[in-house]
Structure formats: structure tokens, C-alpha cells
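Residue numbers (the numbering used here), protein chains in the order written: chain A, 20 to 212; chain B, 20 to 212.
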């Protein structure tokens, strides 16, 4: 098994995948591991919808793109002009033609859902990397409102999507883009008596 | 270096620490590693305030406790009655007398700050565990409003705290409390042609 140091290099945002399905038992193992993620008061609020069907992934991409463009047209959100061009491109799949998509969702009533889901997402990303898989959190793919698609995913009205993660075997693992040094606002040292 | 499998067992919420300071160079190494965490559009919005001074940590605990009790009295939040009793107990330090406290904060203008900070928090938790340190995300410790304390931490008005993480050498690493099986809303399989 990989050391954590190796995983830190392997855990990269992957947007280019081999044409190879991800077995559901591998997904199951990753999700089981992700239950070890901490959550506020150990509440474990995350729920998962897993999509291996390329037609459904395409439909979810189309749905999310059209909702984003509509929201931008209605002035509800502001989109970077580069994104607008991309979202208008019929050939652009927000999920980068990944063979598998995992939605992390949970009850709208859970105040800490965003951070709980993000912690679970990090476990899924590391768990995938430790198995030779790549992931990417595709925020553009979270905008699913169509009743039929929501029903297909098992998303009831009281549930919202936090993180759409794509999953697959990477064609390559790119180098990490440059990171800034950690920005320390303050270091308050121990007062010596 | 530990394998990821070992880290999954070691990364536990730790609330009981050895009376031993955490060297700042260890904190620096962990925070540098945490810059590898993904963030929306690689925006890297996290900022850190690190407190080794026990008197300051105590003051931050007192501040957070009194703000929470005030908010509950004002009906702004609802607190579990067990928490009320705990917060009223002068001997209860929300940071469990940890020798080190890291605040992850960032600009209020960043819409994805919660999830970006949670992803960085998971890197800090794993990075700490890989160095024999323990952490716990103490949400009760995030309620810092006092102008003097905020200035001490370098928190300007446009910045908010997402995650207070305590850090130290654990007296013991407890077993993980029981986790439920992952709750799969749906698994949509590939349609075979």
C-alpha cells in the first residue's frame, strides 16, 4: 500500500481517463473507507449516489450546464466569461467523460453538511489515489434540478448535493500546479515564565 | 513513513494530550503539506493562525464559550442542554488543554471557503497523524469576536474562521467509534449495448 507521502503526489485533479470502467466493488471499498472521515458530532450525514452509466453522466452534465447558463442569464450567479463559452459548447462534458461519477449529498437540515461532505471527499480522493484511481471535484456538475434525474439519483427534496466527484483510471498523473507558501496570519508563541 | 492504511487508523479525534509543546517547525511542515489540498479553481484561500501560548488558548476558549452562551440566550442558536452545562463549567476548556491550536480562516468573499478549508483541514489531520500528532476539529472554538483577540490572531474584518484544530502529542489513540455502512442512494450501472 502506498505511503502517505506517495499519495500526496498521486492525489491530483484528474480530468483525462482511460476508457475503462471502475468496478463497483472498488467504489464500495472507497466509500466504506470514507465513513472513517470525521464529521461534526460523529453525525455521518453523507449519502452517495454512484453513476457508471455514460448516458446518465452525459444527461447530468447537460442538465448542470443548462441550469448554470440559465442562472447566469437570470443574474442569479456571475460566471467567468471563459466558463460561459465552455458551457455553451455542446462537446464539453463537465465530467470530462469520466467512467464514474459519485455525488456526495446529504440532508439540507444538517448545518455542517458542507464541511462534513468535504472531509468525506478528501477520504474518497485519497482512497481512490491509493488504488491507482484519479478523481476531480467538479463543482460545475452540482446543479441538478430536473425531477426525473433527481429521482434517478435517489435525491429527495430534503437532500442537496455538495460534491460531484469524477472517478476513473488516469491516463497520466500531472504535476501539481504551483502552490503558494502557507499564509500564516500569526504565530503566537508560548510565554516563558 | 506511515502507509495510508495506518493513517486511517491513526487519524482519530484526539482530546487528551501529553504536556509537551509542538515545535513550530513541525507545524510549518504540516501547513506546507496542506497547501497540496485541492481548492476551488486552485484559489488556495486558506490562511492560518497558530497559537502555542496556553494563556491565549484559554482566553480563546473563554471567549468562544461566552459568545455561544450569549447567542443561545438571545435565541440566535439552539444548544444541546449537555453543551450548555459544559459551556457554563469554568473548568471546561473547549480546546481540551491542547498545547497548540491552529485556526483555518479565509476571506468572507470566497464562496467555497467552507469546503476549501475542510479539505485543507483533512490534510492537516493526516499530516499530523503521519508525524505522531493528534488533532481534533473543535467547532465550539470558532466563535471569536473580541476585537483584541481577533487582532492578536491577525483576523481582519474581511476574514472568518472556518476550522479551529487542536494539535498535540496524544496520550493514547482511541478506537474509532462505530461507523454506519456507506448509505448508497443509488448505483446506476452502465447500460450494456
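Think of the CB as a built atom: it goes at the ideal place given N, C-alpha and C, for glycine as much as any other residue.
Item                                                                                                                    : Value
CB contact flag (residue 87 (chain B), residue 185 (chain B), <8 Å)                                                     : no
Cutoff 7 Å; reference residue 168 (chain A); Cβ partners in own chain excluding five residues on either side            : 78, 79 and 82
DSSP three-state assignment for residue 98 (chain A), whether helix, strand or coil                                     : coil
Segment contact, 8 Å Cβ cut-off, at least three pairs: the region 69-78 of chain A with the region 133-151 of chain A   : no
Euclidean distance between Cα positions of residue 213 (chain B) and residue 198 (chain A)                              : Any answer about residue 213 (chain B) is impossible in this case: the structure gives chain B only from 20 up to 212.
4-residue-minimum alpha helix (DSSP H) runs that sit fully inside the region 73-147 of chain B, ordered along the chain : 73-92 and 100-107
Short Cβ contact (8 Å threshold) for residue 215 (chain B) with residue 93 (chain A)                                    : With chain B running from 20 to 212 in the structure shown, residue 215 (chain B) is simply not present.
Nearest residue (CA-CA) to residue 28 (chain B), options A:25, A:150 and A:57                                           : A:57
Residue range of the alpha helix (DSSP H) that includes residue 49 (chain A)                                            : 43-53
Reduced DSSP secondary structure (H/G/I, E/B, other) of residue 173 (chain B)                                           : coil
Chain D contact for residue 97 (chain A) (CB, 8 Å cutoff)                                                               : Note that chain D does not occur in the displayed structure, where the protein chains are A and B.
is_contact[residue 77 (chain A), chain B] using C-beta, thresh 8 Å                                                      : no
For residue 203 (chain A), the three-state DSSP class (helix, strand or coil)                                           : strand
CA-to-CA distance, residue 64 (chain A) to residue 90 (chain B), given in whole angstroms                               : 25 Å
Short Cβ contact (8 Å threshold) for residue 31 (chain A) with residue 193 (chain A)                                    : yes
Interface partners of residue 67 (chain B) on chain A, CB under 8 Å                                                     : 201, 202, 203 and 204
Endpoints, alpha helix (DSSP H) assigned at residue 27 (chain B)                                                        : 23-29
The beta strand (DSSP E) enclosing residue 180 (chain B), as first and last residue numbers                             : 178-187
Start and end residues, beta strand (DSSP E) containing residue 155 (chain B)                                           : 153-156
Status (buried if at least 16 other CB within 10 Å, exposed otherwise) for residue 208 (chain B)                        : exposed
Residue-level contact to chain A via CB, residue 24 (chain B), 8 Å cutoff                                               : yes
Backbone CA spacing between residue 60 (chain B) and residue 187 (chain B) [nearest angstrom]                           : 32 Å
Local conformation of residue 191 (chain A) per DSSP, three classes                                                     : coil
Residue 67 (chain A): first and last residue of the uninterrupted beta strand (DSSP E) it sits in                       : 66-70
Rounded separation between residue 10 (chain A) and residue 84 (chain A) - CA only                                      : Nothing can be reported for residue 10 (chain A), as the shown portion of chain A is limited to 20 through 212.
Under 9 Å from the C-beta of residue 100 (chain B): neighbouring residues of chain A                                    : Chain A residues near residue 100 (chain B): none, gap ~14 Å exceeds 9 Å.
Proximal residues, the region 50-74 of chain B versus chain A, C-beta separation under 8 Å                              : 50, 51, 52, 53, 54, 55, 56, 57, 59, 61, 63, 65, 66, 67, 68, 69, 70, 71, 72, 73 and 74
As assigned by DSSP and simplified to three states, the class of residue 32 (chain B)                                   : strand
Below-8 Å beta-carbon distance, residue 172 (chain B) vs any chain A residue                                            : yes
Chain-ordered neighbours of residue 196 (chain A) on chain B, where CB pairs are closer than 8 Å                        : 61
Helix, strand or coil at residue 167 (chain A) [DSSP, three-state]                                                      : helix
Contact under 8 Å by Cβ, residue 171 (chain A) with residue 66 (chain B)                                                : no
Residues that residue 137 (chain A) contacts on chain B, provided the C-beta gap is smaller than 9 Å                    : 133, 134, 135, 136, 137, 138, 140 and 141
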